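S.K.:
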Amino acid sequence: MEILSKTWVEISKRNLIHNLEAFRSHIPSQVGMMAVVKSNAYGHGLVEVARIAALQKVTWFGVDNVDEALQLRRSGIKSAILILGYTPHHRLQDCVKQNISFVVYNRETVFSLRSLFARSPALQKKQARIHLKIETGTHRQGIHGLALQQLIKEIQKIPQIYIEGVSTHYANIEDTENHSYAERQLKEFHLALQILRAEGIDPPWKHTACSAAVILFPDTYFNLVRLGVAMYGLWPSENVRLLAQQKKRHLNLKPVLQWKTIIAQLKRVKKGSPIGYGLTERVSRDSILAVLPVGYWDGYDRGLSSCGTVLIRERLCKVLGRVFMNMCVVDVTDIPQQLRVEDAVTLLGTQKTVGVSAESIASKIGTINYEVVTRINPLLPRFVV
Ligand SMILES: *Cc1c(COP(=O)(O)O)cnc(C)c1O
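Heads up, the sequence shown is in this note's numbering, so the first residue is 786 and it goes up one at a time.
#1: Count the other CB atoms within 10 Å of the CB of S897; is the residue buried (16 or more) or exposed (fewer)?
#2: Can you tell me which of E984, L1133, D1071, N1037 puts its alpha carbon nearest to the alpha carbon of I1047?
#3: Roughly how many angstroms lie between the CA atoms of E795 and A826, to the nearest whole one?
#4: Looking at the unbroken beta strand (DSSP E) that takes in H875, where does it start and where does it end?
#5: Can you find at least 3 beta carbon pairs, one from the region 903 to 917 and one from the region 946 to 955, that sit closer than 8 angstroms?
#6: With the cut-off set at 9 angstroms, would you say V1114 and N804 are in Cβ contact?
#7: Could you check which residue in W793, Q815, S790, H829 has the C-alpha nearest to that of V1158?
#8: Out of S900, W1020, D987, V1079, which has the shortest C-alpha to C-alpha gap to Q1050?
#9: Do you know whose CA, among L855, K1103, F808, lies nearest G817's CA?
#10: Tell me which same chain residues have a C-beta within less than 7 angstroms of the C-beta of G1084, skipping the five on either side of it?
#11: Going by C-alpha to C-alpha distance, which of F1002, I1150, V1010 sits closest to W990?
#12: With distances taken Cα to Cα, identify the nearest neighbour of H954 among H924, L976, W1020.
#13: Going by Cα to Cα distance, which pick from G1151, N1111, T1138, R1100 is closest to P1121?
#14: Should P813 go down as buried or exposed, given a rule of 16 or more other Cβ atoms within 10 Å for buried?
#15: Is the distance from the Cβ of I937 to the Cβ of L981 below 9 angstroms?
#16: Assign G1063 to one of three DSSP states: helix, strand, or coil.
#17: Taking the alpha carbon of K1039 as the point to measure from, which residue in I1060, R1026, M1016 has its own alpha carbon closest?
#18: Enumerated in chain order, which unbroken segments of the alpha helix (DSSP H) with a length of 4 residues or greater are wholly contained in the region 823 to 864?
#19: So L1012 and S996 are supposed to be a Cβ contact under 8 angstroms. How far apart are they, rounded?
#20: Assuming V1117 and T1131 form a contact by the criterion Cβ under 8 angstroms, report the distance between their Cβ atoms to the nearest whole angstrom.
#21: Return the CA-CA distance between N957 and S1145, expressed in angstroms with no decimal places.
#22: Going by the C-beta, is Y871 closer than 8 angstroms to any heavy atom of ligand 1?
#23: Span of the beta strand (DSSP E) holding S1072?
#24: With a cut-off of 8 angstroms on the beta carbons, I'd call G922 and E973 a contact; round off their distance for me.
#25: Excluding the 5 residues flanking D960 on each side, which residues of the same chain have their C-beta closer than 7 angstroms to its C-beta?
#26: In the DSSP output, which residue or residues are listed as bridge partners for L752?
#27: Once the 5 residues before and after K882 are set aside, which same chain residues still bring their CB inside 8 angstroms of it?
#28: Can S1142 be considered in contact with ligand 1, in the sense that its beta carbon sits closer than 8 angstroms to one or more heavy atoms?
#29: Can you tell me whether DSSP reads I1150 as helix, strand or coil?
#30: I need the DSSP call for T1005, collapsed to helix, strand or coil.
#31: Buried or exposed: M1112, going by 16 or more other Cβ atoms within 10 Å of its Cβ?
#32: Just verifying my parser: in three-state terms, what is the DSSP assignment at R1087?
#33: Please name the residue or residues paired with I946 in a DSSP beta bridge.
#34: In three-state terms, what does DSSP make of R1160?
#35: Use the C-beta contact count for V834: other C-beta atoms within 10 angstroms, 16 or more gives buried, fewer gives exposed.
#36: Are the beta-carbon atoms of L1105 and S1091 separated by less than 9 angstroms?
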């Protein structure tokens, strides 16, 4: 491959399709699949991922916001799209015009829709497709039982509002082996469905399951599951991976993303030389350094200073000293082959049998694999390979 960029992300089309097919056979055929592609598809590239997923059996796309939804529409995605996050009220018209569904959990949004339809004759024949978001115990976005009844009354006054879905989200499903809280949330959700039914409402789409629930708990499926992190070949947590094994619900997930760069400079330094800002690390022997043109701006976390590892010629090379804004330095002394400028470096991914996983980076910087991939700067090019 010609090197046009100093650092880039590679997306494996084959692995993405593999994961989607694995889930397609893991869940019953009558259950729809939502590909959650919010936050630049967890760093993988929104449009790149959506174009591949659209050709698989994906019925919905889940995004965080209206701008992501419009980007999907502009790139030719015709499928149903649900905004999972917040929509500023003055952007609700974009959703209505572009047939983009969104979550609703308060009266303010309903009132904004009422005035939108009242003042825009052009939208009179359009629909606002909403998914009621139920508060079942996560105490994030959502509406409780009693308030739900009142909200429905307001909604029913506006003929252009179509209640297309109802959903909730679990608080404690990745981080524990005790799933009693998730079971309580599921019960709360069933109660909310009863409230809706009592008002004569039975939305066509009911959904609660994120990746961990999809992997472990068929009771949470209803007729749509929202698949995020696992679609990208990453386990929601080590806990979920172990439980899946125990419950014989194991899936063979294949990571989709690799992050690469090239060597910008090679140099020899004497034993005891300090490396980088603050002179925080000195080499313990005469050493060969490789300067890499990637830093924390790119998403290579500064917490990887003196502890990150990258792959060069199938060997792990340690980061020396602090990660800079746009560069870092690694120790290549132990590589037997003669290295050259512009040789390939894998920051995240595998070379033959050795790998640097999102999980290993996450544990070094005290976070989760989700954050490691999601924070790779969206301005870096994504290549589908
Ligand atoms: C992000 C998100 C998901 C996907 O979660 P994963 O754990 O990545 O599968 C599902 N539902 C909602 C509401 C989300 O915000």
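We put the CB at the ideal spot given by N, CA and C, even for glycine.
Bear in mind that the values here come from a model prediction, so they are computed numbers and not experimental data.
M.R.: In short:
#1: Taking the first residue of the sequence shown as 1, we reach residue 897 at position 112. Buried, since its Cβ has 16 or more Cβ neighbours within 10 Å.
#2: Position 262 of the sequence shown, counted from the start, is the residue given in the question as residue 1047. Of the candidates E984, L1133, D1071, N1037, the one whose C-alpha sits nearest the C-alpha of I1047 is L1133.
#3: Counting from 1 along the sequence shown, the entry for residue 795 is found at position 10. Counting from 1 along the sequence shown, the entry for residue 826 is found at position 41. Near 13 angstroms, if we compare the C-alpha coordinates of A826 and E795.
#4: The residue given as residue 875 occupies position 90 in the sequence shown. Premise fails: H875 is in no beta strand (DSSP E) and is neither H nor E.
#5: yes
#6: As a first step, residue 1114 is located in the sequence shown; it is residue number 329 there, counting from the start. As a first step, residue 804 is located in the sequence shown; it is residue number 19 there, counting from the start. Contact flag unset, no.
#7: Taking the sequence shown and counting its residues from 1, the one referred to as residue 1158 is at position 373. It is H829 whose Cα lies nearest to the Cα of V1158.
#8: Taking the first residue of the sequence shown as position 1, residue 1050 is located at position 265. The candidate whose alpha carbon is nearest that of Q1050 is V1079.
#9: Numbered from its first residue, the sequence shown carries residue 817 at position 32. Closest option to G817, Cα to Cα, is F808.
#10: Working through the sequence shown from its first residue, we reach residue 1084 at position 299. Closer than 7 angstroms at Cβ, skipping near neighbours: R1160, I1161, N1162.
#11: For the purposes of this step, residue 990 is taken as the residue at position 205 of the sequence shown. Among F1002, I1150, V1010, the Cα nearest to that of W990 is on V1010.
#12: The residue given as residue 954 occupies position 169 in the sequence shown. Ranking the options by Cα distance to H954, first place goes to H924.
#13: Here residue 1121 corresponds to residue number 336 of the sequence shown, with the count starting at 1. Closest option to P1121, Cα to Cα, is R1100.
#14: Taking the first residue of the sequence shown as position 1, residue 813 is located at position 28. Exposed.
#15: For the purposes of this step, residue 937 is identified with residue 152 of the sequence shown, where counting begins at 1. For the purposes of this step, residue 981 is identified with residue 196 of the sequence shown, where counting begins at 1. Taking 9 angstroms as the Cβ cut-off, I937 and L981 qualify as a contacting pair.
#16: Start at 1 with the first residue of the sequence shown, and residue 1063 comes out as number 278. Here G1063 sits in helix by DSSP.
#17: As a first step, residue 1039 is located in the sequence shown; it is residue number 254 there, counting from the start. Selected option, being the one with the closest Cα: M1016.
#18: 823 to 827, 831 to 839, 851 to 859
#19: Indexing the sequence shown from 1 puts residue 1012 at position 227. Indexing the sequence shown from 1 puts residue 996 at position 211. About 6 angstroms; that satisfies the 8 angstroms criterion.
#20: Taking the sequence shown and counting its residues from 1, one reaches residue 1117 at position 332. Taking the sequence shown and counting its residues from 1, one reaches residue 1131 at position 346. So it is not a contact: roughly 13 angstroms between Cβ atoms.
#21: Mapped onto the sequence shown, residue 957 falls at position 172. Mapped onto the sequence shown, residue 1145 falls at position 360. Roughly 23 angstroms between the two C-alpha positions.
#22: In the sequence shown, counting from the first residue as 1, residue 871 sits at position 86. No.
#23: On the sequence shown, residue 1072 is found 287 positions in, with the first residue counted as 1. First-last of the beta strand (DSSP E) with S1072: 1072 to 1077.
#24: Taking the first residue of the sequence shown as position 1, residue 922 is located at position 137. Taking the first residue of the sequence shown as position 1, residue 973 is located at position 188. The pair is a contact, with the Cβ atoms about 6 angstroms apart (cut-off 8 angstroms).
#25: For the purposes of this step, residue 960 is taken as residue 175 along the sequence shown, with counting starting at 1. The beta carbon of D960 is closer than 7 angstroms to those of S1022, N1024 in its chain, skipping five residues each way along the sequence.
#26: Look at the range of the chain in this structure, 786 to 1170, and you will see that residue 752 is not part of it.
#27: Mapped onto the sequence shown, residue 882 falls at position 97. Cβ within range, chain order: L908, K911.
#28: Residue 1142 sits at position 357 when you count from the first residue of the sequence shown. Checking every heavy atom of ligand 1 against the Cβ of S1142, none is found closer than 8 angstroms.
#29: Locating residue 1150 in the sequence shown gives position 365, where the first residue counts as 1. Of the three classes helix, strand and coil, the one that applies to I1150 here is helix, per DSSP.
#30: Counted from its first residue, the sequence shown places residue 1005 at position 220. For T1005, the three-state secondary structure derived from DSSP is helix.
#31: On the sequence shown, position 327 is the one that residue 1112 refers to. Around the beta-carbon of M1112, 16 or more other beta-carbon atoms lie within 10 Å, marking it buried.
#32: Along the sequence shown, read from residue 1 onward, the residue named residue 1087 stands at position 302. Looking at R1087 - three-state DSSP - the assignment turns out to be helix.
#33: Taking the sequence shown and counting its residues from 1, the one referred to as residue 946 is at position 161. According to DSSP, I946 bridges with A913.
#34: To locate residue 1160, count along the sequence shown from 1; it is residue 375. Note: R1160 maps to coil in three-state DSSP.
#35: What you label residue 834 is simply residue 49 of the sequence shown in a count that begins at 1. Label assigned to V834: buried.
#36: Counting from 1 along the sequence shown, the entry for residue 1105 is found at position 320. Counting from 1 along the sequence shown, the entry for residue 1091 is found at position 306. For L1105 and S1091, yes; Cβs fall inside 9 angstroms.
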